[in-house]
Structure formats: C-alpha cells, structure tokens
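Asks:
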Amino acid sequence: MKYSFSILLMIAFSLLCCERVSDIDFEKIEYVNYNHQLFEEDVKMGELIRQVSRDFETTPKQMLSEIGYDEQQSKKILDKVNLYVALAKDYTVHGVAYNTKDPHGKSTVASGLIYYPKKRKPKGVIIIYPFFKTKGMSGTDVRYSVEGLLIGLGDYVCMIPDGIGLGISSNQPISIIQHENLAETGADFYLAAKEFIYNQYQYKLPNRITLFGYSLGASGALALDRYLTLHEELGIEVKDIFIGGGAYYPELFIKDLFESCYSEYAVGPYVLWSLNYYENLNLNFAQIFKGKLLEEFPELCNGSRMIGEVTPYLGSDLNNYFNEDFLHNEENQYRQLVMEALKRNSIPNDWIPKGKVHLYNCFTDRYVNTTCGDTLYENLKEKGAEVEYFYQDVTHEQMIVHMVIDFYKHLYPDKAFDIF
C-alpha cells in the first residue's frame, strides 16, 4: 500500500480526554499484559515522511500520479500535505512486546508500536490495523509504520499492532485472515499499552476508542470491534470505526480470485500458507502451486519476501502459479479444504456494533472483491447497526483518500478540508 502513505499525511485527530493521575495518588501497577520495551525514540513528522519516501523509493507526487490523480489534483493534495508537515507535532514512539496468544491458542509474545504525544496531554486513543506487511518490514522491525503518519496534528495515543508472525513473533507464520486471533491480539495490545502508559506517563487511557483499518487492516479492525462488543468484561467500547476495502469474508475474497484468475497482489499464496499452518490442513502444495511459486517454495509465500517483490516475479495471472485443477475445479479436495477453512475464519454475523460503522467500498476493486463490503453492509443493516456506507466509482488506492478525508472531517467538523 505504498500509494497510500502520502495521503495519510493529511490527518489529525482529536478524541476523548485521558485522565492524568496526580503524583500523590500515583502508584505503579503490576504488569500482566505488558512484557517489555523493545525501543523508544522521539519522532518528528518530517523525518518520518522522509524515511517512508526512502524505503518506498518514491515521492508523494509520483504516488499520486500513479494512482490516477492529475497535476492539479496532486497540487491541491500536496499543498495540504505541506501544511500538515509544517503544523505536525512531535511524538515518542515505543516499540513494546506484550503477552498474548497465537491462532492455536498457545501463549506467545507479540509486538507493536505506541505513538505517544511528546510533552502534551493525550486526548484519546486510536488503534490502527496495518496494511499487509511481510517479515522484517513490520512496525517494530523498522521502528516506524506508514500508518503512523496518521497521528499528525493530533494529541492522542496511536497503537499499531504488528500481529502474530511479524516483529518479535516473526518465527511463526503470519496470522493474515485469522480474525479471532487478530482481534484477541489487538485487545491484548490495548491492555498492555494501558498498563505501560499508566506506569510510564501516569495516565489512564480512556475505555472508549476509535478504530481505523483499510485493505487488509479493515477486517482486523472489524474483528476487534466484534471481539470487544462480545467481551464486555474487558470494559473497552468502540465509539467509531472507519474501515474500507477489507476481506471481511475470506471465502468470498479467494473465490473471486480463483474465478477471475487475476490478482493485483500475489496475496493468495500467503493466505494459503498461513491457513495451512494454523488450520492444520496438511495441504500438499505440490498439488496446489506450480511454476516459480512451487520451485521456490516456501520462500515466495511464507512472508520472508515482500509481496511487492513477489507479485511482479509471479505475475498477476493466477494460471501462472496455481495448479489448473485446484484453480478451476471446485470439487478438488484441497480446494474444498481451503474454502471450508476460509469460511471458518470469516467474521461472524452474530453481533451488533455499539458504535457507528463508517464503511467504504469501490464499484470495482482490483484488490478485494466488492462483494465483501456489500455483504458486510447488508449484514450490519439486517442487525440494525448504525452504519454509513460510502460506495463510489473510484479505485482501491483512491478510496482511501476519500476515507481519510472523511475521517478528518468527522474528528474536526469545524475545519474545512476539501481538496477535490
């Protein structure tokens, strides 16, 4: 999702107030969820932007051009970006490790980033589920996250979990669509951060939070919303959730890939590798993959190589790297095992969000089948949830622009932020 980072520069947040504990009342609490700190660094937005540009080997202007914006539109956006950079405030980023469980239910230690306002009182907390990452490129690996650019002008705490299989837990396969686990690790991360921030900064984080997730991060954020709704004993409530372009129903997502035989990103093999391990499917990948993917198995699907490298190497045509019978025969035994496992990892329609759902979808999405968003909207409406559906004729990359701008307007209703 390199195309998105320049857009994220334009966001600032203003959420709920945190409660500071007086020095007289303060007494450190015993850690339960928090494990240890990996690093601590001061962050300036200008430096973070330059770091992201170097890593992606491009500029915001080039990215905007690549996703379809003309020169005039790009200039309006970049003017806002420059203003954002000029007004951006400093943060301290903490890489932390925390106690949680993997998709098998085994105790493990995961990691994530906490951005904390430097020398300012926090106004609230937001949890951002990241875009698709590969090993060695997670937030705690590189000590920043492109999603961290969202913190901008706001005085709030931002949490970005690595997830299982990345960061400190990179010795395990990546948990990609294991939504129950993505939710549980996210909840554990919040609880760990709450302990850490209380002892480190003498602040009590609010129990009402806002969630944000796009593309792969969208389904993780939604899964956390469901988890917190069903687990009232945790005492954490989601006020608003902004999601878009997500694979909320993995079986619909993969079914569309197989039927179209086209994938803008070669994510399918990564999903199958993860699914095989955590669902104990015992798949025979010699009967599923072919060509370069099979010849260099498992390096091209286990997360050790960036998907941005793997995709041009394999190509966008699934016929080039999937076995013909597996790809086209719905009665194939391995395909049936995969589809059944994908259904088990769909986000169930057994809950009603307490907060408002801001749902974004495209008419035609080259990354994630729009059926996933349509189905989620129908399910939420059927349950009587408060949901606002933004359905537009734009690309996957352009949709996040609209989503981010709306997010900003939601948080700052008195500020004008129109760029189109």
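Quick note on numbering: the sequence shown equals residues 0 to 419 in numbering that gives the first Met the number 0. Even for Gly, the Cβ is constructed at its ideal location relative to N, Cα and C.
#1: By Cβ distance below 7 Å, which residues in the same chain neighbour asparagine 319 in space, the five residues on each side in sequence not counted?
#2: Select from Arg343, Tyr333, Val95 and Pro116 the residue whose C-alpha is nearest the C-alpha of glutamate 179.
#3: Who are asparagine 98's beta bridge partners in DSSP?
#4: Helix, strand or coil for methionine 305, going by three-state DSSP, please let me know.
#5: Which residues mark the beginning and the end of the alpha helix (DSSP H) in which glutamate 258 is found?
#6: Nearest CA to the CA of valine 403: which residue from Phe195, Ala340, Leu181 and Leu210?
#7: Measure how close the beta-carbons of serine 218 and alanine 246 come, nearest whole angstrom, since I'm counting them as under 8 Å.
#8: When you compare each of Lys203, Asn170 and Asp364 to glutamate 26 by their alpha carbons, which one comes out closest?
#9: Could you tell me how far apart the beta carbons of serine 315 and glutamate 263 are, in whole angstroms, since I believe they sit closer than 8 Å?
#10: Is isoleucine 125 helix, strand or coil when you go by DSSP?
#11: Would you kindly work out how many angstroms separate the C-alpha atoms of aspartate 324 and asparagine 331, rounded to a whole number?
#12: Verify whether the separation of the beta carbon atoms of lysine 117 and threonine 91 is less than 8 Å.
#13: Does the region 160-168 touch the region 228-237, meaning 3 or more C-beta pairs lie closer than 8 Å?
#14: Just confirm the distance between the C-beta atoms of asparagine 32 and asparagine 98, as a whole number of angstroms; I'd bet it's less than 8 Å.
#15: How about isoleucine 240 and proline 352: are their beta carbons less than 8 Å apart?
#16: Give the DSSP bridge partners of glycine 212, in chain order.
#17: According to DSSP, is alanine 271 helix, strand or coil?
#18: Hey, is asparagine 283 close to the ligand MN, as in C-beta under 7 Å from one of its heavy atoms?
#19: Considering Cα atoms alone, identify which of Gln335, Tyr155 and Gly354 is closest to lysine 120.
#20: Quick check on DSSP: helix, strand or coil for lysine 75?
#21: Could you give the DSSP three-state label for tyrosine 2: helix, strand or coil?
#22: From threonine 363 to histidine 327, what does the alpha carbon distance come to, in whole angstroms?
#23: Within a Cβ cutoff of 6 Å, which residues of the same chain sit near glycine 216, ignoring the five residues on either side of it in sequence?
#24: On a Cα-Cα basis, can you pick out the residue from Gly123, Asp101 and Ala340 that is closest to serine 174?
#25: Mind reading off the beta-carbon distance from isoleucine 167 to leucine 37? Whole number of angstroms is fine, and I expect it under 8 Å.
#26: Could you give the DSSP three-state label for cysteine 371: helix, strand or coil?
#27: By the three-class DSSP mapping on this structure, what secondary structure does leucine 190 have?
#28: Check for me: the beta strand (DSSP E) holding valine 356 runs from which residue to which?
#29: Tell me the rounded alpha-carbon separation between asparagine 283 and asparagine 301.
#30: Just to confirm before moving on: does the CB-CB distance between cysteine 423 and threonine 394 stay below 8 Å?
#31: Residues in its own chain within less than 6 Å of histidine 299 by CB, not counting five upstream and five downstream?
#32: With burial defined as no fewer than 16 other Cβ atoms inside 10 Å of the residue's Cβ, what is the status of lysine 380: buried or exposed?
#33: Thinking lysine 355 and glutamate 377 are a contact (beta carbons under 8 Å), I'd like their distance in whole angstroms, please.
#34: According to DSSP, is leucine 282 part of a helix, a strand, or is it coil?
#35: Among Tyr226, Asp187 and Thr107, whose alpha-carbon lies nearest the alpha-carbon of asparagine 170?
#36: Tell me which residues share the same chain as leucine 251 and place their Cβ nearer than 7 Å to its Cβ, disregarding the 5 neighbours each side in the sequence.
Replies: Here's the rundown:
#1: Translated into the one-based positions of the sequence shown, residue 319 becomes position 320. The answer, listed in chain order, is Gly290 and Leu313.
#2: Translated into positions along the sequence shown, residue 179 becomes position 180. Here the closest residue by C-alpha is Arg343.
#3: Mapped onto the sequence shown, residue 98 falls at position 99. Asparagine 98 is bridged to Val108.
#4: On the sequence shown, position 306 is the one that residue 305 refers to. Correct three-state label for methionine 305: coil.
#5: As a position in the sequence shown, residue 258 is number 259, starting the count at 1. 249-259 is the extent of the alpha helix (DSSP H) around glutamate 258.
#6: Translated into the one-based positions of the sequence shown, residue 403 becomes position 404. With distances taken between Cα atoms, valine 403 lies closest to Leu210.
#7: By one-based count along the sequence shown, residue 218 stands at place 219. By one-based count along the sequence shown, residue 246 stands at place 247. Yes, they are in contact, since the Cβ atoms of serine 218 and alanine 246 sit about 5 Å apart, within 8 Å.
#8: In the sequence shown, counting from the first residue as 1, residue 26 sits at position 27. Per the Cα distances, Lys203.
#9: Against the sequence shown, residue 315 aligns to sequence position 316. Against the sequence shown, residue 263 aligns to sequence position 264. The pair is a contact, with the Cβ atoms about 6 Å apart (cut-off 8 Å).
#10: In the sequence shown, residue 125 corresponds to position 126, counting from 1. Of the three classes helix, strand and coil, the one that applies to isoleucine 125 here is strand, per DSSP.
#11: Taking the first residue of the sequence shown as 1, we reach residue 324 at position 325. Taking the first residue of the sequence shown as 1, we reach residue 331 at position 332. Rounded to the nearest angstrom, the two C-alpha atoms are 7 Å apart.
#12: Within the sequence shown, numbered from 1, the residue matching residue 117 stands at position 118. Within the sequence shown, numbered from 1, the residue matching residue 91 stands at position 92. Going by C-beta atoms, lysine 117 is nearer than 8 Å to threonine 91.
#13: no
#14: Numbered from its first residue, the sequence shown carries residue 32 at position 33. Numbered from its first residue, the sequence shown carries residue 98 at position 99. About 6 Å separates the two Cβ atoms, so the contact holds.
#15: Indexing the sequence shown from 1 puts residue 240 at position 241. Indexing the sequence shown from 1 puts residue 352 at position 353. For isoleucine 240 and proline 352, yes; Cβs fall inside 8 Å.
#16: Along the sequence shown, read from residue 1 onward, the residue named residue 212 stands at position 213. Beta-bridge pairing links glycine 212 to Tyr128 and Ile242.
#17: Your numbering for residue 271 matches position 272 in the sequence shown. Reading off the sequence shown, one finds leucine at residue 271, where the question assumed alanine. The answer is helix: DSSP assigns leucine 271 an H, G or I state.
#18: Of ligands this structure carries none, so the ligand MN is not represented either.
#19: In the sequence shown, the residue the question calls residue 120 occupies position 121. With distances taken between Cα atoms, lysine 120 lies closest to Tyr155.
#20: To locate residue 75, count along the sequence shown from 1; it is residue 76. Lysine 75 falls in the helix class under three-state DSSP.
#21: Start at 1 with the first residue of the sequence shown, and residue 2 comes out as number 3. Here the model assigns tyrosine 2 a pLDDT of 44, short of 50, so the residue's position is not dependable and the matter cannot be decided.
#22: Along the sequence shown, one-based indexing puts residue 363 at 364. Along the sequence shown, one-based indexing puts residue 327 at 328. Their Cα atoms are separated by approximately 23 Å.
#23: For this step, residue 216 is matched to residue 217 along the sequence shown. Around glycine 216: Tyr128, Pro129 and Phe130.
#24: Against the sequence shown, residue 174 aligns to sequence position 175. Of Gly123, Asp101 and Ala340, the residue nearest in Cα terms is Asp101.
#25: Counting from one through the sequence shown, the residue named residue 167 turns up at place 168. Counting from one through the sequence shown, the residue named residue 37 turns up at place 38. That belief holds up - the Cβ atoms of isoleucine 167 and leucine 37 are roughly 7 Å apart, short of 8 Å.
#26: If you number the sequence shown from 1, residue 371 lands on position 372. Of the three classes helix, strand and coil, the one that applies to cysteine 371 here is helix, per DSSP.
#27: Reading the sequence shown from its first residue, position 191 is the one you call residue 190. If DSSP states are grouped into helix, strand and coil, leucine 190 belongs with the helices.
#28: The sequence position of residue 356 within the sequence shown is 357, counting from 1. That run of the beta strand (DSSP E) goes 355-361.
#29: For this step, residue 283 is matched to residue 284 along the sequence shown. For this step, residue 301 is matched to residue 302 along the sequence shown. One C-alpha to the other measures close to 15 Å.
#30: Because the chain in this structure spans residues 0 to 419, residue 423 falls outside the shown range and cannot be described.
#31: Position 300 of the sequence shown holds residue 299. A quick correction: the sequence has leucine, not histidine, at residue 299. If we look at leucine 299 and ignore the five residues flanking it on each side, its Cβ neighbours are Leu292 and Val309.
#32: Translated into the one-based positions of the sequence shown, residue 380 becomes position 381. Flag for lysine 380 reads exposed.
#33: Taking the first residue of the sequence shown as 1, we reach residue 355 at position 356. Taking the first residue of the sequence shown as 1, we reach residue 377 at position 378. Incorrect: roughly 17 Å between the Cβ atoms, too far for contact.
#34: In the sequence shown, the residue the question calls residue 282 occupies position 283. DSSP places leucine 282 in coil when its eight states are reduced to three.
#35: Sequence index remark: in the sequence shown, residue 170 carries index 171 (1-based). The candidate whose alpha carbon is nearest that of asparagine 170 is Thr107.
#36: On the sequence shown, position 252 is the one that residue 251 refers to. Excluding residues within five positions, the ones whose Cβ falls inside 7 Å are Asn368, Thr370, Cys371 and Thr374.
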